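Colleague: Per our numbering, the sequence shown starts with residue 179, numbered consecutively. Virtual Cβ for every residue (Gly too), placed ideally from N, Cα, C. It should be emphasised that the depicted structure is a prediction, and the values quoted were computed from it without experimental measurement. Would you mind keeping the following structure in view while I ask a few things?
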Amino acid sequence: MGANTADVIVVGLGAFGSATVYQLARQGVKVIGIDQYAPPHDRGSSHGSTRITRLAVGEGEVYIPIIKRSHEIWSELEASTGQKLYYKTGGLIMGPQDGTISHHGKPDFVRRTIANAERWGIDHEVLDAVEVSARYPQFQTRGDELAYLEPDSGVLVPEACVQAQLQQALALGAELRLNEKVLYISEEGANVKVRTSLGEYSAAKVVLTAGPWLPAMTGGTMQMNLRVLRQALHWFETTRPFLYSPDVCPIFIWMHGSRDQDYMYGFPMVDGKPGVKVASEQYETECTPDDFDRVVGAEESQEMFDINVAGRLAGVTSKTVHSAACLYTVSSDSGFVVDTYRDMENVMAVSACSGHGFKNSAGLGERMARWATTREPAGLEHFRVARFNT
Ligand SMILES: Cc1cc2nc3c(=O)[nH]c(=O)nc-3n(C[C@H](O)[C@H](O)[C@H](O)COP(=O)(O)OP(=O)(O)OC[C@H]3O[C@@H](n4cnc5c(N)ncnc54)[C@H](O)[C@@H]3O)c2cc1C
179 MGANTADVIV VGLGAFGSAT VYQLARQGVK VIGIDQYAPP HDRGSSHGST RITRLAVGEG
239 EVYIPIIKRS HEIWSELEAS TGQKLYYKTG GLIMGPQDGT ISHHGKPDFV RRTIANAERW
299 GIDHEVLDAV EVSARYPQFQ TRGDELAYLE PDSGVLVPEA CVQAQLQQAL ALGAELRLNE
359 KVLYISEEGA NVKVRTSLGE YSAAKVVLTA GPWLPAMTGG TMQMNLRVLR QALHWFETTR
419 PFLYSPDVCP IFIWMHGSRD QDYMYGFPMV DGKPGVKVAS EQYETECTPD DFDRVVGAEE
479 SQEMFDINVA GRLAGVTSKT VHSAACLYTV SSDSGFVVDT YRDMENVMAV SACSGHGFKN
539 SAGLGERMAR WATTREPAGL EHFRVARFNT
């Protein structure tokens with residue numbers, strides 16, 4: 179096999195690409211990973227120091243085995259690299275008892291989560307507002323909350339996860355071509371050709387994990403059902419940091435008002451920054467990954483504080499100590515999209531974000547590796563774009 183020839187080429191080495199390259203390298207497959215930058219970087223969807231992971235996800239049962247497998251892989255990676263990738267802090271998901279609010283496209287999110295935990299035997303507790311306040315004085319409840327508490331939820335460090343998988347992939351023989359942009363992918367006979375800013379490559383299979391750059395590369399139904407949205411992350415000062423230390427504070431998802439956008443999620447202080455990280459989500463304003471405002475304005479942080487944080491997080495002030503902007507790639511039904519790229523049967527595109535992708539990334543990377551190397555079903559059927567045509 180020539181230097182630019184491989185069994186599999188992975189385009190894009192963020193959350194999903196790094197996981198796929200790592201899994202392929204583990205199997206001894208000749209794999210080349212290509213990225214336009216040098217991941218981990220802060221230009222796509224996998225930066226900002228922390229990501230929530232939880233098991234009984236209300237987004238759908240289809241994700242649960244993928245997340246469970248991801249937890250096993252991160253644990254193996256922590257052992258093999260000595261790096262801290264996951265903090266087991268527990269997770270609290272709260273919403274109004276009446277269940278009126280949707281989250282990630284799913285109504286009555288808290289009860290859906292509880293039902294999934296029961297069906298999958300996932301360790302959890304159900305709490306009311308009084309019990310939440312008694313255990314977690316940092317959360318100032320209103321009285322009508324229903325809460326789901328999951329001990330195995332926690333915080334992933336996205337940059338470290340990407341780094342660890344790329345490092346291990348390299349050690350296992352993968353080739354990584356960084357700061358090289360893929361310009362064109364085409365099928366020629368049984369092979370796929372990948373043209374980049376620096377050369378040309380050939381492989382039997384290509385996995386395209388280009389994150390927020392994917393919608394503009396693709397076409398047809400896939401492109402029509404994907405949108406790229408800028409999201410702002412805020413770290414607010416706290417006068418009571420002991421309330422937000424990871425040994426007493428879980429990750430939290432809190433739907434608190436009557437509208438779907440009356441919502442925040444946040445983290446205990448694990449990232450060394452002198453503030454509590456919180457964020458909300460916006461689904462109105464689209465952007466492109468090469469042209470969006472990376473600076474979070476003071477008014478944006480103030481609005482986030484006024485609508486979501488004030489009166490809810492004890493000891494958190496409106497002073498912003500840090501902020502960042504990051505990109506969601508969201509599908510029409512908030513589910514993942516994994517399907518052939520421009521009808522090329524040997525090229526699989528993965529846009530597995532919709533704001534809840536990271537926790538799945540290690541396990542989905544393993545499934546992508548299975549797709550690329552065997553004829554066995556890789557468990558990707560649920561993510562096909564055909565569902566949008568029905
Ligand atoms: C603010 C925010 C908060 C989130 N919170 C959570 C959370 O709490 N829990 C959770 O599970 N998920 C969360 N997510 C979602 C999760 O982070 C994403 O699903 C995941 O990071 C997406 O990874 P990706 O590999 O698709 O994209 P990326 O990590 O962006 O990787 C894409 C890569 O492709 C490369 N690339 C693109 N085009 C080319 C090209 N032409 N040539 C070469 N390389 C190319 C890019 O340089 C990039 O490195 C959040 C996302 C955001 C933005």
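Regarding D213 and ligand 1, is the C-beta to nearest heavy atom distance less than 8 angstroms?
Modeller: Checking every heavy atom of ligand 1 against the Cβ of D213, one is found closer than 8 angstroms.
Colleague: When you compare the CB positions of S512 and G283, do they come within less than 9 angstroms of one another, or not?
Modeller: Closer than 9 angstroms, so yes.
Colleague: Flag K599 as yes when its Cβ comes closer than 8 angstroms to any non-hydrogen atom of ligand 1, and as no otherwise.
Modeller: Since the first and last residues shown for the chain are 179 and 568, residue 599 lies out of range.
Colleague: Assuming I271 and A325 make a contact with CB atoms under 8 angstroms, what is their CB distance in whole Å?
Modeller: Rounded, the Cβ-Cβ distance is 7 angstroms, consistent with contact.
Colleague: When we look at the beta-carbon of L376 and count the other beta-carbons within 10 Å, is it buried (16 or more) or exposed?
Modeller: By the 10 Å Cβ count, L376 comes out exposed.
Colleague: Given a threshold of 16 other Cβ atoms within 10 Å of its Cβ, counted over all protein chains shown, does A312 qualify as buried or as exposed?
Modeller: With fewer than 16 Cβ atoms within 10 Å of its Cβ, A312 is classed as exposed.
Colleague: Using the Cα positions of L202 and S248, report the straight-line distance between them to the nearest angstrom.
Modeller: Roughly 15 angstroms between the two C-alpha positions.
Colleague: Check the DSSP bridge columns for R373 and list the partner residues they point to.
Modeller: BP columns for R373 point to Y362, E378.
Colleague: Sort out for me which residues DSSP pairs H225 with in a bridge.
Modeller: Paired residues: none, contrary to the question.
Colleague: Using alpha carbons as the reference points, say which of V406, E559, L411, F414 lies closest to L505.
Modeller: The option with the nearest alpha carbon to L505 is V406.
Colleague: Could you compute how far the alpha carbon of G367 sits from the alpha carbon of L263?
Modeller: One C-alpha to the other measures close to 42 angstroms.
Colleague: Taking the runs of the alpha helix (DSSP H) that are 4 residues or longer, which of them lie wholly in the region 269-320?
Modeller: Runs found: 287-298, 307-313.
Colleague: Below 7 angstroms CB to CB, which residues in the same chain sit around V448 once its five sequence neighbours on both sides are set aside?
Modeller: Closer than 7 angstroms at the Cβ level, and outside the excluded window around V448, lie T228, Y265, V333, P424.
Colleague: Which first and last residues belong to the alpha helix (DSSP H) in which I431 is found?
Modeller: Run containing I431: none in the alpha helix (DSSP H); it sits in the beta strand (DSSP E), 429-433.
Colleague: Going along the chain, which residues of its own chain have a beta-carbon closer than 8 angstroms to the beta-carbon of N357, five neighbours each way excluded?
Modeller: Taken in chain order, the residues that qualify are D213, Q214, Y215, A216.
Colleague: Apart from the five residues just before and just after C339, which ones in its own chain have a Cβ nearer than 6 angstroms to its Cβ?
Modeller: Cβ within range, chain order: L263.
Colleague: Under the criterion of a Cβ to heavy atom distance below 8 angstroms, does Q409 qualify as lining ligand 1?
Modeller: Flag set: Cβ of Q409 near ligand 1.
Colleague: Answer with buried or exposed for N567, where buried requires no fewer than 16 other C-beta atoms within 10 angstroms of its C-beta.
Modeller: Under this definition N567 is an exposed residue.
Colleague: Mind checking whether the beta-carbon of F470 lies closer than 8 angstroms to any heavy atom of ligand 1?
Modeller: F470 Cβ: outside cutoff for every heavy atom of ligand 1.
Colleague: I'd like the span of the alpha helix (DSSP H) that includes G206, first residue to last.
Modeller: No alpha helix (DSSP H) holds G206; DSSP gives it neither H nor E.
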